[in-house]
Structure formats: structure tokens, C-alpha cells
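K.L.:
Just so you know, the sequences run in chain order A and B.
Read in our numbering, the first sequence has 29 at position 27, and its numbers run on one by one without any break.
Read in our numbering, the second sequence has 239 at position 46, and its numbers run on one by one without any break.
Beta carbons: idealized from backbone N, C-alpha and C, even for Gly.
Following this message is one structure expressed as C-alpha cells.
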Amino acid sequence: SQTIHQWPATLVQPVGSPLSLECTVEGTSNPNLYWYRQAAGRGLQLLFYSVGIGQISSEVPQNLSASRPQDRQFILSSKKLLLSDSGFYLCAWSVSLFTDTQYFGPGTRLTVL
Amino acid sequence: KQEVTQIPAALSVPEGENLVLNCSFTDSAIYNLQWFRQDPGKGLTSLLLIQSSQREQTSGRLNASLDKSSGRSTLYIAASQPGDSATYLCAVLETSGSRLTFGEGTQLTVNP
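Dropping the structure here:
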């Protein structure tokens, strides 16, 4: 069966520090991968999605970047965190891009102080 | 721009009640609609996915309906249980297939 992992589970970082969140999927090949952010009082916002290694699409301009160095690995990064980057970050995967069920990881709670 | 609204934002019911959660969307040109469950501090779990050509989907005690022309979907939960307590999110995929828009969710509490 397929599983999706995210780490760390929680993270507290100072403003201006770098960030690296990792997501890995097991039990499937060529998944479509997604990064979402859920901020307090707001719905889920799609940040990035990827259809394959090295292929990243960005949905919103922001302080963050994403990379996909391996088929089942998706990384969310920042060079310098802002207070507004605080939130709950969710990784997800699906077989078809957007058109079928997305399976979500457990999430990373990021607090920027 | 697609907007998804969920009403109510929070709902508290006694165990055993049947209940309905509502989701509305502004652009009826959708590919599908999904309902998710999110437990506190956790990721999302997909509950039901309704294609735009379908009227409803059922899974156990859950039934989701879709009225695309009026921009509405409902999630019906029969015989609610304390374990159903969670936030329920709906999300619509636009016809172009390139944007999934989520509502802010309904926080459900089922009291024993």
C-alpha cells in the first residue's frame, strides 16, 4: 500500500532562517506531488505541484521554492523565512494530476518567530 | 476566480443525530468535487469524490450530493458518532483541471 511521510512534524524557526521540509511517498511510481499551506483562518492554498523529477509548477508568488530531486521525494525550501510563512504545510500525492483523489501526508506545523 | 464557502463554520450535535454539511461554489464549471476529513493537527483524508456528471456518492454512513447548476454540494452523515468529530473540507476542481480550491471547512463536534 502507498504511504506518504513528512518531516519534521513540528518546527519553530526564527525570521530570516532557512527552511527545508521533506515529503516522501512509498508504494507508487511517478506520483504527482503537491505542497499546500493551511494558515489560520484560511483554506488550504496550493503552493507547488510536480508531475515528475525536476518539474515544478508554482501557483502563487512567494518566499518559498520547491524541488523534486527523486521520483518520490518533494522538498519545500526557503532561504529566509518570514513571519507570514507560519502555517501547517501539507504534502499530497495523486495518480492523475488533480483529477483524482489526493492523498495527504500528516503535515508539518511551522512557526516562525 | 472560484470561491468555495462552507456553512456552518462549526457545528455541535448530540450523538445519533443525522446532519448535513453544506458547500457552495461560485463557478459551476467544475470537473469534480471532493470531501475531506481533517483531524486536529493531522493531514486530510479523502472521504468522497463526485465527478461533475454524478449526482451523489455514498460510503457507509456518508452521502455526498452535487448540484452543479446551483453550485452546491452537501455531505450527509447518518447516525453521527463521537468519532466523526473533525473538520470537514470540500474542494472543487475546475474544468481546466489545473486548480483545486478548498473551502475553509466545517468543524464538527459530536457529543456523547
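1. For the stretch 205 to 215 of chain B and the stretch 33 to 43 of chain A, state whether three or more C-beta atom pairs, one from each stretch, are separated by less than 8 angstroms.
2. For A:Tyr105, return the contacting residues in chain B, with the cut-off set at a CB-CB distance below 8 angstroms.
3. Go to B:Ala203, then tell me how far its beta strand (DSSP E) extends in each direction, as first and last residue.
4. Using a cut-off of 9 angstroms between C-beta atoms, extract the partners of B:Tyr224 located in chain A.
5. Going by C-alpha to C-alpha distance, which of A:Pro16, A:Ser59, A:Gln8 and A:Arg74 sits closest to A:Lys81?
6. Can you tell me which residues form a DSSP beta bridge with B:Ile223?
7. Starting from B:Val197 and walking both ways along the beta strand (DSSP E), at which residues does that stretch end?
8. What residue does the beta strand (DSSP E) around B:Arg292 start on, and which one ends it?
9. If you pair each beta-carbon of the stretch 282 to 299 of chain B with each one of the stretch 194 to 204 of chain B, do three or more pairs fall below 8 angstroms?
10. Pick out whichever of B:Asp260, B:Gly264 and B:Arg254 has its Cα sitting closest to the Cα of B:Ala271.
11. Among B:Pro305, B:Trp228, B:Glu208 and B:Lys194, whose alpha-carbon lies nearest the alpha-carbon of B:Ser266?
12. Starting from A:Arg39, trace the beta strand (DSSP E) both ways and give me its first and last residue.
13. Is A:Leu48 close to chain B? Criterion is C-beta to C-beta, closer than 8 angstroms.
14. Who are B:Gln156's beta bridge partners in DSSP?
15. Could you check whether A:Gln64 and A:Leu48 sit closer than 8 angstroms to each other, using their CB atoms as the reference points?
16. Which residues in the same chain as A:Gln104 place their Cβ atom closer than 6 angstroms to its Cβ, once the five residues preceding and following it in sequence are excluded?
17. Note down, in chain order, every chain A residue with its Cβ under 8 angstroms from the Cβ of B:Gly296.
18. Determine the contact status of B:Ala284 and B:Leu301, defining contact as a CB-CB distance below 8 angstroms.
P.N.:
Working from what's here:
1. no
2. Ser239
3. Ala203 to Pro207
4. Phe100 and Thr101
5. A:Pro16
6. B:Glu287
7. Val197 to Ile200
8. No beta strand (DSSP E) contains B:Arg292, which DSSP labels as neither H nor E.
9. yes
10. B:Arg254
11. B:Trp228
12. Asn34 to Gln40
13. yes
14. Any answer about residue 156 of chain B is impossible in this case: the structure gives chain B only from 194 up to 305.
15. no
16. Ala94 and Ser96
17. Gly45
18. no
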